[in-house]
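Scroll down for the structure; my scribbles are underneath it.
Chains as they are written, first to last, in this note's numbering: chain A, 263 to 622; chain B, 60 to 172.
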């Protein structure tokens with residue numbers, strides 16, 4: 263029975279003329295299996311897709327002959343295919359974007375999307391050029407919250423342009439599918455759709471892109487933390503204990519993938535009465551602040567439960583724009599100020615500076 | 060090298076056909092023989108997810124295996140596409156630090172990369 267080393271030595275004599283190197287140097291030999299006298303491997307040729315069939319067959323035959331000539335080889339099985347050489351560098355995700363901020367929550371229903379929309383609008387009011395990516399693929403709500411409907415236009419061959427609403431560039435899976443179609447997707451489909459989304463939206467030059475993450479800590483969240491050059495994450499929670507437990511989970515997830523947590527926002531923190539303007543603590547106000555202290559992350563602020571916030575969302579005009587002097591709007595702007603300060607202190611996102619092509 | 064919180068690679072490089080160099084943010088100059096990295100892959104195809112047992116047979120990895128390209132994974136690791144067709148493994152900063160084979164880090168009795 264021949265050894266791996268011998269098989270590779272034999273294959274080194276098979277030259278790929280148009281590359282000027284042998285099949286081993288060209289890394290074309292893959293998945294070598296030696297079982298008794300039977301040798302099999304894949305021949306993946308880094309050649310252009312239009313290479314003549316005869317050339318591929320010729321190389322395969324040469325490989326088979328080279329291995330068959332070894333002592334102890336009874337049969338050779340080669341599966342050949344053509345795969346263009348890997349490009350020099352990967353496609354950079356969001357090339358003109360300085361900061362990407364994820365707005366996340368451990369569970370649904372805490373006002374994550376409302377916070378994301380208002381944070382985006384507040385950042386724009388602070389003079390930033392802002393984008394908003396609705397990555398909640400299962401229940402996209404940004405088209406409604408931002409009052410933007412329509413189909414994104416193509417930009418060049420492989421990109422699409424975000425829509426613009428309230429001065430913010432906006433992209434949502436909701437623009438690409440019918441509003442009533444549920445997203446029934448398995449993990450790999452989610453991964454593919456989000457990756458495509460991240461790579462193919464032409465954001466242009468922006469200071470901040472706010473990403474409305476899907477709730478929880480599953481496939482979609484993992485894909486986003488792997489593919490998007492996140493500068494930091496904002497965790498939204500409500501004062502109830504159950505929500506805080508989930509907020510901790512979200513925090514731990516970002517910790518594991520080394521995304522800095524910019525801070526925690528406590529939404530529906532207290533209720534401002536519409537007639538007497540008194541603040542009522544309906545739930546246990548202050549839980550978000552305690553969690554933040556406990557886990558050593560900044561507390562970004564308390565956003566009150568206030569009549570008008572939800573309606574603003576339904577009308578497509580976030581509260582920061584519709585009632586800028588309301589307590590909720592002021593709270594969101596205060597959160598945005600802190601987020602901005604932390605982003606500026608952290609410097610540029612160091613997303614994809616570690617891309618390299620190996621030189622043979 | 061033990062990778063402390065906040066420490067991350069700043070630059071990857073190549074020293075000849077078989078050595079990956081890693082310039083760390085703490086000033087460490089990491090070195091790895093690429094085949095050793097391939098054999099240390101901790102992905103679900105190379106290590107049994109339940110038992111932690113290594114299922115990758117080193118004899119099936121070509122002696123001259125080398126990366127084709129390396130891409131960052133978020134802010135916590137790199138993924139290497141290998142010449143043997145493998146490409147599912149993620150090397151986190153912690154793992155890369157543990158596997159470092161520079162003269163300073165190399166295990167006793169082993170050759171530094």
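For each residue, glycine too, the CB sits at the ideal point set by N, CA and C.
Q. In whole angstroms, what is the alpha-carbon distance linking residue 486 of chain A and residue 455 of chain A?
A. Taking the first residue of the first chain as position 1, residue 486 of chain A is located at position 224. Taking the first residue of the first chain as position 1, residue 455 of chain A is located at position 193. Residue 455 of chain A has its alpha-carbon roughly 11 Å from the corresponding atom of residue 486 of chain A.
Q) Should residue 73 of chain B be flagged as near chain A, meaning a C-beta pair shorter than 8 Å? A) For the purposes of this step, residue 73 of chain B is identified with residue 14 of the second chain, where counting begins at 1. Chain A, which has a Cβ nearer than 8 Å to the Cβ of residue 73 of chain B, makes this yes.
Q. Of the residues that make up the region 509-534 of chain A, which ones have a beta carbon closer than 8 Å to any beta carbon in chain B?
A. So the list reads 518, 519, 520 and 521, given in the order they occur along the chain.
Q. Which chain B residues are close to residue 266 of chain A, counting only those with a beta carbon under 9 Å from its beta carbon?
A. Here residue 266 of chain A corresponds to residue number 4 of the first chain, with the count starting at 1. Within chain B, the residues near residue 266 of chain A are 118, 119, 120, 121 and 122.
Q.
Let me check understanding here. Comparing Cα to Cα, which of A/316, A/417, A/473 and A/526 lies closest to residue 403 of chain A?
A. Locating residue 403 of chain A in the first chain gives position 141, where the first residue counts as 1. Per the Cα distances, A/473.
Q.
Once the 5 residues before and after residue 466 of chain A are set aside, which same chain residues still bring their CB inside 6 Å of it?
A. Here residue 466 of chain A refers to the residue found at position 204 when the first chain is read from its first residue. Contacts found: 358.
Q. Rounded to the nearest angstrom, how far is the Cβ of residue 345 of chain A from that of residue 306 of chain A, given a contact under 8 Å?
A. Numbered from 1 along the first chain, position 83 holds the residue referred to as residue 345 of chain A. Numbered from 1 along the first chain, position 44 holds the residue referred to as residue 306 of chain A. For residue 345 of chain A against residue 306 of chain A, the beta-carbon gap comes to about 5 Å, under 8 Å, which counts as contact.
Q | Own chain residues within Cβ distance below 7 Å of residue 369 of chain A, not counting five before or after | A | Along the first chain, one-based indexing puts residue 369 of chain A at 107. Within the same chain, 477, 478, 505 and 508 come within 7 Å of residue 369 of chain A by CB-CB distance, once the 5 residues on both sides are set aside.
(Q) Let me check understanding here. Comparing Cα to Cα, which of A/539, A/335, A/499 and A/583 lies closest to residue 527 of chain A? (A) The residue you call residue 527 of chain A lines up with position 265 of the first chain. Comparing Cα-Cα distances from residue 527 of chain A to each of A/539, A/335, A/499 and A/583, the minimum goes to A/499.
Q: Name the residue from A/523, A/424 and A/269 whose alpha carbon lies nearest to the alpha carbon of residue 604 of chain A.
A: Sequence index remark: in the first chain, residue 604 of chain A carries index 342 (1-based). Considering only alpha carbons, the answer is A/523.
Q.
Can you tell me where the beta strand (DSSP E) holding residue 495 of chain A begins and where it ends?
A. Taking the first chain and counting its residues from 1, one reaches residue 495 of chain A at position 233. Looking at the DSSP string, the run of the beta strand (DSSP E) that includes residue 495 of chain A is 494-499.
Q) Could you check where the alpha helix (DSSP H) with residue 269 of chain A kicks off and where it finishes? A) Here residue 269 of chain A refers to the residue found at position 7 when the first chain is read from its first residue. For residue 269 of chain A, the uninterrupted alpha helix (DSSP H) run begins and ends at 266-273, by DSSP.
Q: Along the beta strand (DSSP E) that carries residue 129 of chain B, what are the first and last residues, could you check?
A: Numbered from 1 along the second chain, position 70 holds the residue referred to as residue 129 of chain B. Annotation: the continuous beta strand (DSSP E) that includes residue 129 of chain B extends over 126-132.
Q: Look at residue 557 of chain A and residue 510 of chain A and say whether their C-beta atoms are less than 8 Å apart.
A: Locating residue 557 of chain A in the first chain gives position 295, counting from the first residue. Locating residue 510 of chain A in the first chain gives position 248, counting from the first residue. It is a contact, given that the beta carbons lie within the stated cut-off.
Q.
On the criterion of 16 or more Cβ atoms from any shown chain inside 10 Å, does residue 580 of chain A qualify as buried, or is it exposed?
A. For this step, residue 580 of chain A is matched to residue 318 along the first chain. Buried, because 16 or more other Cβ atoms sit within 10 Å of the Cβ of residue 580 of chain A.
Q. Three-state secondary structure (DSSP) at residue 281 of chain A?
A. The sequence position of residue 281 of chain A within the first chain is 19, counting from 1. In the three-state reduction of the DSSP assignment, residue 281 of chain A falls in the coil class, being assigned neither a helical nor a strand state.
**Q.** Sub-8 Å separation of residue 291 of chain A and residue 302 of chain A beta-carbons
**A.** Working through the first chain from its first residue, we reach residue 291 of chain A at position 29. Working through the first chain from its first residue, we reach residue 302 of chain A at position 40. Taking 8 Å as the cut-off, the beta carbon of residue 291 of chain A is found no closer than this to the beta carbon of residue 302 of chain A.
**Q.** Against chain B: residues of the region 451-475 of chain A by CB proximity under 9 Å
**A.** Residues of the region 451-475 of chain A with a C-beta atom less than 9 Å from some C-beta of chain B do not occur.
Q. Would the region 97-113 of chain B and the region 128-148 of chain B be scored as touching if the rule is three or more Cβ pairs under 8 Å?
A. Taking 8 Å as the limit for Cβ pairs, the verdict is that the region 128-148 of chain B does touch the region 97-113 of chain B.
Q | Status (buried if at least 16 other CB within 10 Å, exposed otherwise) for residue 618 of chain A | A | If you number the first chain from 1, residue 618 of chain A lands on position 356. By the 10 Å Cβ count, residue 618 of chain A comes out buried.
Q: Can you have a look at residue 351 of chain A and say buried or exposed, based on whether 16 or more other CB atoms are within 10 angstroms of its CB?
A: Position 89 of the first chain, counted from the first residue, corresponds to residue 351 of chain A. Reliability fails at residue 351 of chain A, whose pLDDT of 36 lies under 50, so the model's placement of it is uncertain and the value that follows must be treated cautiously. Residue 351 of chain A counts as exposed, since fewer than 16 other beta carbons sit within 10 angstroms of its beta carbon.
**Q.** Ordered list of alpha helix (DSSP H) runs contained in the region 67-129 of chain B, each at least 4 residues
**A.** Every alpha helix (DSSP H) of 4 residues or more that sits fully in the region 67-129 of chain B is shown, in chain order, as 93-98.
(Q) Going by beta-carbon coordinates alone, are residue 331 of chain A and residue 300 of chain A separated by less than 8 Å? (A) Taking the first residue of the first chain as position 1, residue 331 of chain A is located at position 69. Taking the first residue of the first chain as position 1, residue 300 of chain A is located at position 38. For the 8 Å CB-CB criterion, residue 331 of chain A and residue 300 of chain A do not form a contact.
Q. Which of helix, strand or coil does DSSP assign to residue 557 of chain A?
A. In the first chain, the residue the question calls residue 557 of chain A occupies position 295. Shown here, residue 557 of chain A sits in a helix according to DSSP, grouped into three states.
Q.
Against chain B, does residue 618 of chain A count as a neighbour if the rule is that its beta carbon must be under 8 Å from one of theirs?
A. Numbered from 1 along the first chain, position 356 holds the residue referred to as residue 618 of chain A. Output row for residue 618 of chain A: interface = yes.
(Q) Along the region 376-392 of chain A, where does the CB come closer than 9 Å to a CB of chain B? Name the residues. (A) Cβ proximity to chain B below 9 Å picks out nothing from the region 376-392 of chain A.
Q) Assuming residue 363 of chain A and residue 601 of chain A make a contact with CB atoms under 8 Å, what is their CB distance in whole Å? A) Along the first chain, read from residue 1 onward, the residue named residue 363 of chain A stands at position 101. Along the first chain, read from residue 1 onward, the residue named residue 601 of chain A stands at position 339. Contact flag correct, Cβ pair sits at about 6 Å.
**Q.** Integer Cβ distance of residue 483 of chain A from residue 515 of chain A, believed to fall under 8 Å
**A.** Stepping through the first chain from its first residue, residue 483 of chain A is reached at position 221. Stepping through the first chain from its first residue, residue 515 of chain A is reached at position 253. 7 Å between Cβ atoms; contact.
Q.
What does the alpha-carbon distance come out to for the pair residue 114 of chain B and residue 120 of chain B?
A. On the second chain, position 55 is the one that residue 114 of chain B refers to. On the second chain, position 61 is the one that residue 120 of chain B refers to. Cα-Cα distance, rounded: 12 Å.
Q.
Within 10 Å of its beta-carbon, does residue 167 of chain B have 16 or more other beta-carbons around it, so buried, or fewer, so exposed?
A. Taking the second chain and counting its residues from 1, the one referred to as residue 167 of chain B is at position 108. Exposed, by the Cβ-count rule.
**Q.** Local conformation of residue 505 of chain A per DSSP, three classes
**A.** The residue given as residue 505 of chain A occupies position 243 in the first chain. Secondary structure at residue 505 of chain A: helix, using DSSP grouped into helix, strand and coil.
Q) If you draw a straight line from the C-alpha of residue 71 of chain B to the C-alpha of residue 77 of chain B, how long is it? A) Taking the second chain and counting its residues from 1, one reaches residue 71 of chain B at position 12. Taking the second chain and counting its residues from 1, one reaches residue 77 of chain B at position 18. CA-CA distance, residue 71 of chain B to residue 77 of chain B, rounds to 13 Å.
(Q) List, in chain order, every chain B residue whose beta-carbon is nearer than 8 Å to that of residue 304 of chain A. (A) Here the question's residue 304 of chain A lines up with position 42 in the first chain. Within chain B, the C-beta atoms nearer than 8 Å to that of residue 304 of chain A come from 144, in chain order.
Q: Can you check DSSP and say which residues form a bridge with residue 341 of chain A?
A: Taking the first residue of the first chain as 1, we reach residue 341 of chain A at position 79. DSSP, once it has assigned bridges, lists A/304 as partnering residue 341 of chain A.
**Q.** Span of the beta strand (DSSP E), counted from its first residue to its last, around residue 150 of chain B
**A.** By one-based count along the second chain, residue 150 of chain B stands at place 91. Going by DSSP, residue 150 of chain B is part of the beta strand (DSSP E) stretching over 149-151.
Q | Residues near residue 214 of chain A in its chain [Cβ-Cβ closer than 8 Å; skip 5 each side] | A | In this structure chain A extends from 263 to 622, so residue 214 of chain A is not present and cannot be described.
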